[in-house]
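By our numbering, the letter at position 24 of the sequence shown is numbered 24, and the numbering carries on one by one without gaps.
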Amino acid sequence: MYLRIENLRKIFEENRGIEKINFSIEKGELISLLGPSGCGKTTLLNIIGGFLKPDNGKIYLEDRDITDIPPEKRDISTVFQSYALFPHMNVLENIKYGLKYKKLTKKEQNELALEYLKIVGLDGYEKKSIQELSGGQQQRVALARALVLYPKVLLLDEPFSNLDAKLKISMREELKELQKNLKISMIFVTHDQEEALSISDKVVVMNNGKIEQIGTPEEIYYSPINEYVANFIGKSNFILKDGAKKLIRPENIKIEKNQKGSWEVINKEFMGAYTILKIRNGIEELYVNIQGEKGREYKLGDLVEISM
Ligand SMILES: Nc1ncnc2c1ncn2[C@@H]1O[C@H](COP(=O)(O)OP(=O)(O)O)[C@@H](O)[C@H]1O
Ligand SMILES: [Mg+2]
Numbered sequence: 001m002y003l004r005i006e007n008l009r010k011i012f013e014e015n016r017g018i019e020k021i022n023f024s025i026e027k028g029e030l031i032s033l034l035g036p037s038g039c040g041k042t043t044l045l046n047i048i049g050g051f052l053k054p055d056n057g058k059i060y061l062e063d064r065d066i067t068d069i070p071p072e073k074r075d076i077s078t079v080f081q082s083y084a085l086f087p088h089m090n091v092l093e094n095i096k097y098g099l100k101y102k103k104l105t106k107k108e109q110n111e112l113a114l115e116y117l118k119i120v121g122l123d124g125y126e127k128k129s130i131q132e133l134s135g136g137q138q139q140r141v142a143l144a145r146a147l148v149l150y151p152k153v154l155l156l157d158e159p160f161s162n163l164d165a166k167l168k169i170s171m172r173e174e175l176k177e178l179q180k181n182l183k184i185s186m187i188f189v190t191h192d193q194e195e196a197l198s199i200s201d202k203v204v205v206m207n208n209g210k211i212e213q214i215g216t217p218e219e220i221y222y223s224p225i226n227e228y229v230a231n232f233i234g235k236s237n238f239i240l241k242d243g244a245k246k247l248i249r250p251e252n253i254k255i256e257k258n259q260k261g262s263w264e265v266i267n268k269e270f271m272g273a274y275t276i277l278k279i280r281n282g283i284e285e286l287y288v289n290i291q292g293e294k295g296r297e298y299k300l301g302d303l304v305e306i307s308m
């Protein structure tokens, strides 16, 4: 194991915080910490980064216990949610900042910072002030400032949460490509399930300070271990079958219009590539996805029959 988290615990007043946190990351892996606001993601990230001391537990990086090592000596860098760029420094000075702890000449620091500026697609921006940059550009500077230190692990706390939907998607593609090219291990915090599914090798689903499930995106989507995980990851249906609740995803239910059908369409959401119908039979409500333009055929009040 490259990075190993063992039984971490940090409890603040009113019993808030995290506990029983165990997971590990291989070299070059991208893991997401996914959970709702307040579930302890930032607390966990701050402990791994060295900014917060755990009450209990250990962190090992390449089998070295780093639990009590200060942040700048951990070989771990963090991109904070607010970016935390230095407003009085220009772009290049921001990127160079952490390099002063490394044994490099001024010239080497400059060259390295310029190289990473290029890597994040901001070639030519070195003299700009932070205020002149858009949110997306500031995000890239924050990323370059962390990457230039060539950390063994990069921590990212909801890095794209301040960006608009389209930029978010292109930034996550870029991050994924960067991660594969640089072979850097990353822990990516998000409350956005779609983002976690699309970007991660593995997802750690958190709830109320604890881990609910760890798995590949496909595992947690198709085999969630409980209703909490199923509901957090995409839309889900639970159908009572042989006394047990069974998960059926909306895309796995087929429907057909039928005047005598026992289900009624009570809501319709057009998503572009597909349509989500909500249907009701008097006892249960289900979500059903219809691919493509076929969704146009359905309207509220239509009666339908289903098969699975
Ligand atoms: N320094 C602190 N002092 C007291 N409570 C805190 C502190 N930091 C976080 N908490 C509490 O711990 C819980 C987890 O917070 P946080 O890790 O920020 O969650 P997330 O990043 O998932 O939104 C929240 O209930 C929060 O109020
Ligand atoms: Mg947070």
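From the three backbone atoms N, C-alpha and C, an ideal C-beta is built for every residue, glycine too.
- Shown here, S198 sits in a helix according to DSSP, grouped into three states.
- Taking all protein chains shown into account, R64 has fewer than 16 neighbouring C-beta atoms within 10 Å of its C-beta and is therefore exposed.
- For the set D164, Q179, F232, the Cα lying nearest the Cα of H191 is the one of F232.
- For Y101, the number of other beta carbons within 10 angstroms of its own is below 16, and it is reported as exposed.
- T190 has its CB no nearer than 7 Å to any heavy atom of ligand 2.
- By the Cβ criterion, the stretch 235-244 is not in contact with the stretch 63-81, since fewer than three pairs of Cβ atoms, one from each stretch, lie closer than 8 Å.
- Placement of the Cβ of T42 at a distance of less than 7 Å from at least one heavy atom of ligand 2 is found.
- Taken through DSSP and simplified to helix, strand or coil, I214 comes out as strand.
- For M171, the enclosing alpha helix (DSSP H) begins and ends at 165-182.
- By the Cβ rule, the stretch 55-62 does not count as touching the stretch 82-93, because fewer than three pairs are nearer than 8 Å.
- Assignment of T42 by DSSP, reduced to helix, strand and coil, places it in the helix class.
- When DSSP states are grouped into helix, strand and coil, A244 belongs to the strand group.
- Annotation for Y60: the continuous beta strand (DSSP E) segment containing it runs 56-61.
- From the listed residues N208, V204, K299, K210, the smallest Cα separation to Y221 is found for V204.
- Just so you know, the alpha carbons of E285 and L45 end up roughly 38 Å apart.
- Only residues of its own chain outside the window of five on either side were considered, and among them G135 have a CB closer than 7 Å to the CB of N162, listed in chain order.
- Residue burial is scored here from C-beta neighbours: G295 has at least 16 other C-beta atoms within 10 angstroms and is therefore classed as buried.
- Counting only the Cα atoms, I283 lies some 13 Å from I266.
- Taking a contact to require three or more Cβ pairs closer than 8 Å, the stretch 17-34 and the stretch 138-148 do not qualify as touching.
- The alpha carbon of K278 has as its nearest neighbour, out of E293, K260, Q259, E305, the alpha carbon of E305.
- Taking every protein chain shown into account, the CB of A230 has 16 or more other CB atoms within 10 angstroms, so this residue is buried.
- V148 sits close to I95, with the two beta carbons spaced by under 8 Å.
- Bounds of any beta strand (DSSP E) do not take in K152, whose DSSP letter is neither H nor E.
- Under the criterion of beta carbons closer than 8 Å, G49 and I76 qualify as touching, at roughly 6 Å.
- Taking all protein chains shown into account, M206 has 16 or more neighbouring C-beta atoms within 10 Å of its C-beta and is therefore buried.
- Counting the other Cβ atoms within 10 Å of the Cβ of L182 gives fewer than 16, which makes it exposed.
- S185 is the residue among S185, Y298, R172 whose C-alpha sits nearest the C-alpha of M1.
- Collapsing the DSSP output to three states places Y2 in coil.
- Taking a 10 Å sphere around the C-beta of A113, we find 16 or more other C-beta atoms and assign the residue as buried.
- Counting the other CB atoms within 10 Å of its CB gives E158 a total of 16 or more, which places it among the buried residues.
- In this structure, Q193 has its CB at a distance of at least 7 Å from all heavy atoms of ligand 2.
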